[in-house]
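J.: Quick one: this structure, given as structure tokens, is what I'll be asking you about.
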Amino acid sequence: MKKDILILAIESSCDETAAAVVKNGREVLSNIISSQIELHKLYGGVVPEIASRKHIENINYVIDDALKKANTRLDDIDAIGVTYGPGLVGALLVGVAEAKAIAYATKKPLIGVHHIEGHISANYIENKDLEPQFLTLIVSGGHTNLVLVKDYGEYEIIGQTRDDAAGEAFDKVARAIGLGYPGGPKIDKISRKGNKEAIRFPRANIEGHPFDFSFSGVKSAVLNYINSCEMKGQSICEADIAASFQDAVIDDLISKTMLAAKKYNMKKIAIAGGVAANSMLREEMLEACKRNSIEFYAPSLIYCTDNAAMIGVAAYYEFLKGTRHGLDLNAIPNLKLGEEIKVM
Ligand code: KG4
Ligand code: ZN
């Protein structure tokens, strides 16, 4: 009988300290996430220095918990997977140093994982039938990309944001209308009470680049709208602003994704990243896929936002391909997808 492959995965690129044990690439035995959100809320956003300090305090407990919940010991693990970029450098370093220490002490293989490869791979956990090729829309706090997944670990970026990421726009608009941090889930919730047709905010198209995004215009339009209401002494309706803003962003994300699916003849679309947790994006993307006879995939909410299970899945496929990193692995805050250091 074929031996099971167990990956211990570590994720610390932003404000979640996370560890997971993943069996044979698609079965999550444990998924521990220690969120720092309550702490960063006080400052209205992630404070990098605080994030690193919290990671260093928590990481050993989180890993210990992940091993215990999976009913495994370090001895049973086949390889250590860790996010080494992109992300906050001080935050990434904690996970990378920890993974290297474990790999060194146990003499197990070390596999550095691109954070976005992790987000994409989150789709494999619950969709056992999903295999490349497919089109993915990645929408997180730091990224907005349309990516063709050609094979496991093989990607072609066909579209990206020229300025703000979708999640960043959600967070900034939420702050402007006084909803606080993190903005995405709050806008999602309050939008349900608002009228998405109340205000027409702009959708940006970039000439000659049909799959690229730009969200700084819609964000500025919201800020201008709020300022002009204040100057005229008019009260604002937060729910209407949130719903109209959300509609502008989602409309743009879906129309460009559908256009890309047609152009590249993709019959499967997956979404990934924190903004993929947005209820309206999920509903409307599903509808658009149904209308176009496209199969739609989305991870459940816990696997959309940052977690280590998705890193374990990505590490498993890299493991099968023979990717191994040395003990000189470093954190790369601006690591590009497809340009990872592949040490075989
Ligand atoms: O993927 P993620 O956890 O971290 C990064 O890699 O950036 O994404 C975090 C982003 C934040 O901007 C957050 O506001 C957004 O995802 N987000 C949402 C929702 N849940 C999280 N945005 C819209 N609707 C949501 N329900
Ligand atoms: Zn992320």
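In this text, residue positions in the sequence shown follow the working numbering: the first is 269, and each later residue adds one.
Virtual Cβ for every residue (Gly too), placed ideally from N, Cα, C.
Determine, using beta carbons only, whether residue 330 and residue 285 come nearer to each other than 8 angstroms.
T.: Yes.
J.: On the CB-based measure, 16 or more other CB atoms within 10 Å of its CB, does residue 420 come out buried or exposed?
T.: buried
J.: For residue 555, which of 543, 518, 581 has the nearest alpha-carbon?
T.: 518
J.: Using DSSP with H/G/I as helix, E/B as strand and the rest coil, what is residue 292?
T.: coil
J.: Just to check my reading of the structure: residue 567 and residue 355 have Cβ atoms closer than 8 angstroms, yes? What is that Cβ distance to the nearest angstrom?
T.: No, residue 567 and residue 355 are not in contact; Cβ-Cβ is about 19 angstroms, not under 8 angstroms.
J.: Are there any heavy atoms of the ligand KG4 lying less than 7 angstroms away from the beta-carbon of residue 450, as far as the coordinates show?
T.: yes
J.: On a CA-only basis, which of 426, 313, 388 is nearest residue 575? Give me that one, please.
T.: 388
J.: Taking only three categories from DSSP, how would you classify residue 326?
T.: DSSP places residue 326 in the helix class (H, G or I) of the three-state scheme.
J.: If the criterion is Cβ atoms closer than 8 angstroms, does the pair residue 349 and residue 287 meet it?
T.: Against a cut-off of 8 angstroms, the Cβ pair of residue 287 and residue 349 comes out as no contact.
J.: What are the start and end residues of the beta strand (DSSP E) that includes residue 381?
T.: 378-382
J.: Examine the Cβ distances between the segment 558-566 and the segment 332-339 and report whether three or more of them are shorter than 8 angstroms.
T.: no
J.: Could you give the DSSP three-state label for residue 315: helix, strand or coil?
T.: coil
J.: Does the distance between the C-beta of residue 323 and the nearest non-hydrogen atom of the ligand ZN fall short of 7 angstroms?
T.: no
J.: So, are the CB atoms of residue 340 and residue 279 less than 8 angstroms apart?
T.: no
J.: Residues in its own chain within less than 7 angstroms of residue 543 by CB, not counting five upstream and five downstream?
T.: 407, 408, 434, 435, 438, 452, 549
J.: Is there at least one non-hydrogen atom of the ligand ZN closer than 7 angstroms to the beta-carbon of residue 383?
T.: Residue 383: yes, Cβ under 7 angstroms from the ligand ZN.
J.: Distance, Cα to Cα, residue 545 vs residue 374?
T.: A direct Cα-to-Cα measurement between residue 545 and residue 374 gives close to 37 angstroms.
J.: Out of 381, 557, 597, 539, which one is the CA nearest neighbour of residue 412?
T.: 539
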